[in-house]
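The number in our numbering is simply the position in the sequence shown, starting from 1, with 34 added.
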Amino acid sequence: MPLQGKRIVITGGAGFIGSTLAARLCVDNQVVLFDNLARDTLQHTQLAQHPNVQLVRGDILDPAAVLGAVQGAQVVVHAAAIAGIDTVLKSPVRTMEVNMIGTANVLRACAQAKVSDRVVEFSTSEVFGSMAYRVSEDNHAVAGSAGEARWVYAVSKLAGEHLAHAYYREHGLPVVTLRPFNVYGPGQTGEGALQIFIRRALANEPISIYGDGTQIRAWCFVDDMVDALMLALEKPEAVGESFNVGNARAVTTVFGLAETVCRVLGSKSQIQFRDALSADIELRIPETGKAKALLGFSARVDLEEGIRRTAEWYRGRTL
Numbered sequence: 035m036p037l038q039g040k041r042i043v044i045t046g047g048a049g050f051i052g053s054t055l056a057a058r059l060c061v062d063n064q065v066v067l068f069d070n071l072a073r074d075t076l077q078h079t080q081l082a083q084h085p086n087v088q089l090v091r092g093d094i095l096d097p098a099a100v101l102g103a104v105q106g107a108q109v110v111v112h113a114a115a116i117a118g119i120d121t122v123l124k125s126p127v128r129t130m131e132v133n134m135i136g137t138a139n140v141l142r143a144c145a146q147a148k149v150s151d152r153v154v155e156f157s158t159s160e161v162f163g164s165m166a167y168r169v170s171e172d173n174h175a176v177a178g179s180a181g182e183a184r185w186v187y188a189v190s191k192l193a194g195e196h197l198a199h200a201y202y203r204e205h206g207l208p209v210v211t212l213r214p215f216n217v218y219g220p221g222q223t224g225e226g227a228l229q230i231f232i233r234r235a236l237a238n239e240p241i242s243i244y245g246d247g248t249q250i251r252a253w254c255f256v257d258d259m260v261d262a263l264m265l266a267l268e269k270p271e272a273v274g275e276s277f278n279v280g281n282a283r284a285v286t287t288v289f290g291l292a293e294t295v296c297r298v299l300g301s302k303s304q305i306q307f308r309d310a311l312s313a314d315i316e317l318r319i320p321e322t323g324k325a326k327a328l329l330g331f332s333a334r335v336d337l338e339e340g341i342r343r344t345a346e347w348y349r350g351r352t353l
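Following this line, the structure appears as structure tokens:
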């Protein structure tokens, strides 16, 4: 059943995926965006002026603020997190605190506020480690060696996923976990290889690839991600489950991605190679059969169409 007349709280609601979801939900629901505005995608939208949208500025490390935000909500989507390899490398302590303690604060608040319909929590495709080919939800989650900064993000998100499902088993909280695989699209700010490639290609500036460019990724357009989110909110079969969300057909090496961006956009950008920043993910392609079977989800936007639609949004914008 489509969501209507609900009070829905989105932590990280001013971010890329959160604001894209909010635009879909606010037509028929009251939407509260809880965010510290560290990355403010809202400024590029009209969402803040929408009569069904309320922006609450706050930090998920503040338990009282989180509890206050989720009071009266039937649905909570927890999208707030520290992400992006540059940020993780520079601030590993904050990354782990926000992603673990912040998630614990949100889950505790949802239990205390008796959120009744759904609590959707974001994990990450990185929980599958450096080699992840057609990985399903039942595959082993892998953590790299302790002390390697690359895995700080994955471990922090995996801890949040375990805690979310513990709340489901122990307290009956209606939890769903989504594991996004390389989501991109209009409105993405901060880090993210594809949006950086597109912005540099539009300006005919050099595109830098870290490492040798043979790393393989599956790229998921944000509208497909939001389609999966909506199904996770609406389908009762989703409760208590984890789902991979990605597009296993939109697969390319990082070098091939840069070449495709330049070709599709008619760019004169030169592709340059730089030393890798840290341990890297060599291969990351999802198996999404579970999401198709239980939710009816399958990605629809191919890579070239997604690049064109993303470039159209960035063209003429100063970010």
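Glycine included, C-beta positions come from ideal geometry on N, C-alpha and C.
Problem - Distance between Pro320 and His235 (C-alpha atoms, nearest Å) - result: Sequence check: residue 235 is Ala here, not His. In a straight line, the C-alpha of Ala235 is about 28 Å away from that of Pro320.
Handout entry: 8 Å Cβ cutoff met for Arg91 and Asp74
Key = no
Handout entry: alpha helix (DSSP H) segment containing Val65, residue limits
Key = Segment Gln64 to Asp69 is the beta strand (DSSP E) holding Val65; no alpha helix (DSSP H) there.
Practice task
Out of Leu212, Leu141, Gln83 and Gly136, state which residue places its alpha-carbon closest to the alpha-carbon of Phe156.
Solution key: Taking Phe156 as reference, the option from Leu212, Leu141, Gln83 and Gly136 with the minimal CA-CA separation is Leu212.
Exercise for the section: Go through its chain and collect everything with a Cβ distance to Phe331's Cβ below 6 Å, but skip five positions before and after it. Expected result: Ala262, Leu265 and Ala325
Problem - Rounded straight-line distance, which links the Cα of Ser125 to that of His174 - result: 27 Å
Exercise for the section: At 4 residues or longer, and completely inside the stretch 85 to 120: list those alpha helix (DSSP H) runs for me, N to C. Expected result: 97 to 104
Problem - Buried/exposed call for Arg334, threshold 16 Cβ in 10 Å - result: exposed
Exercise for the section: State the start and end residues of the unbroken beta strand (DSSP E) segment that holds Arg308. Expected result: Ile305 to Arg308
Exercise for the section: Quick one: grab the DSSP three-state call for Cys254. Expected result: strand
Handout entry: Start and end residues, alpha helix (DSSP H) containing Ser53
Key = Phe50 to Leu59
Practice task
Kindly indicate which three-state DSSP category Pro270 falls into: helix, strand or coil?
Solution key: helix
Handout entry: Proximity to Leu95 [Cα-Cα], best of Ser53, Leu89, Asp120 and Gly46
Key = Gly46
Practice task
Look at Cys254 and Gly280 and say whether their C-beta atoms are less than 8 Å apart.
Solution key: Their beta carbons are under 8 Å apart, which means Cys254 touches Gly280 by this criterion.
Exercise for the section: Report yes if the C-beta distance between Ala99 and Val43 is below 8 Å; otherwise report no. Expected result: no
Practice task
Using a threshold of 8 Å, state whether the C-beta atoms of Gly224 and Asn133 are closer than that.
Solution key: no
Exercise for the section: Look at the Cβ atom of Val217, then the Cβ atom of Val256, and state whether they are nearer than 8 Å. Expected result: yes
Practice task
Starting from Ser331, trace the beta strand (DSSP E) both ways and give me its first and last residue.
Solution key: The residue asked about is misnamed: residue 331 is Phe in this sequence, not Ser. Here Phe331 belongs to no beta strand (DSSP E), and DSSP marks it neither H nor E.
Exercise for the section: In angstroms with no decimal places, state the Cα-to-Cα distance between Arg233 and Val260. Expected result: Rounded to whole angstroms, Arg233 to Val260 spans 23 Å at the Cα level.
Practice task
Answer yes or no: do Val153 and Val209 have a C-beta to C-beta separation smaller than 8 Å?
Solution key: yes
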